[in-house]
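If you read the sequence shown in my numbering, its first letter stands for residue 25, the second for the next number, and so on.
Glycine is no exception: its CB is placed at the ideal position from the N, C-alpha and C atoms.
Here is the structure we will look at.
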Amino acid sequence: MASLKDAFAKSITTLNVKTNNFMEETKCKTYIATLEEEIITLKKQIGEIVYSIWTQDVDLKAQVAPLIGQIEEKQKEIKVQEERIAMLSVQEQQILGTGQNPMPNQFMGSPIQPVIQGTGVQSAADVIYCGSCGAQNASNYKFCIKCGVPLK
Ligand SMILES: [Zn+2]
């Protein structure tokens, strides 16, 4: 009877680990989707800037560089999430003992930490309103993301 009880306990452990990892992975994937949406928004803003200054004598790179920087940050964050997803399956194999490979060295000795950080949302203080159309813009933007007029 003891072995049946052990088998039952082991299947519960397996279920718990799989459920937890599934939830973690879902969280990571949701976060990646959010980051990707934000990247799309930033690229749209770049498009607006390029479009609005196309006929004006303005330093294009100076306008676009901060947005490119934000995209790079988000892409790094996506990498972190993807590594975390990969680590979850390694961890699952280790706990459940179904993997052939031991845990890779880079994952040893570091407890799993939640990696969700700031999502780049601007605080209210960083927002200015377009004098022409009233759209919200980050205070560092030089042109309205909606209508393209220069912001003060
Ligand atoms: Zn506007």
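Reduced DSSP secondary structure (H/G/I, E/B, other) of residue i
i, result
"Q165", "First, the residue type needs correcting, since residue 165 is Tyr and not Gln in the sequence shown. Of the three classes helix, strand and coil, the one that applies to Y165 here is coil, per DSSP."
"Q160", "strand"
"G144", "Any reading at G144 is ruled out, since the residue's pLDDT is 45, under 50, leaving its predicted position unreliable."
"D30", "helix"
"Q117", "helix"
"Q80", "coil"
"F131", "The predicted model places F131 with a pLDDT of 49, which falls under 50 and marks its position as unreliable; any figure quoted below should be read in that light. F131 falls in the helix class under three-state DSSP."
Backbone CA spacing between residue i and residue j [nearest angstrom]
i, j, result
"N44", "L84", "47 Å"
"Q94", "E61", "13 Å"
"A31", "Q160", "59 Å"
"A110", "C157", "45 Å"
"F167", "C52", "33 Å"
"Q118", "T65", "39 Å"
"Q105", "I152", "32 Å"
"E72", "A86", "14 Å"
"R108", "F46", "12 Å"
"S76", "A162", "17 Å"
"I36", "S113", "18 Å"
"G133", "K67", "Confidence at G133 is low in this model, with a pLDDT of 48, below 50, so the placement of that residue should be treated as unreliable; the coordinate-derived value is given next. Their backbone Cα atoms lie some 39 Å apart in a straight line."
"I169", "N40", "47 Å"
"L175", "G121", "59 Å"
Residue i - partner residues in DSSP beta bridges
i, result
"P174", "F167"
"I152", "N161"
Chain D within 9 Å of residue i, Cβ atoms only
i, result
"I36", "Going by chain labels, chain D is absent from the structure shown, which holds only one protein chain."
Give every residue whose Cβ lies closer than 5 Å to any heavy atom of ligand 1, listed in chain order.
C154, S156, C157, A159, C168, K170, C171
Can you find at least 3 beta carbon pairs, one from the region 86-106 and one from the region 50-61, that sit closer than 8 Å?
yes
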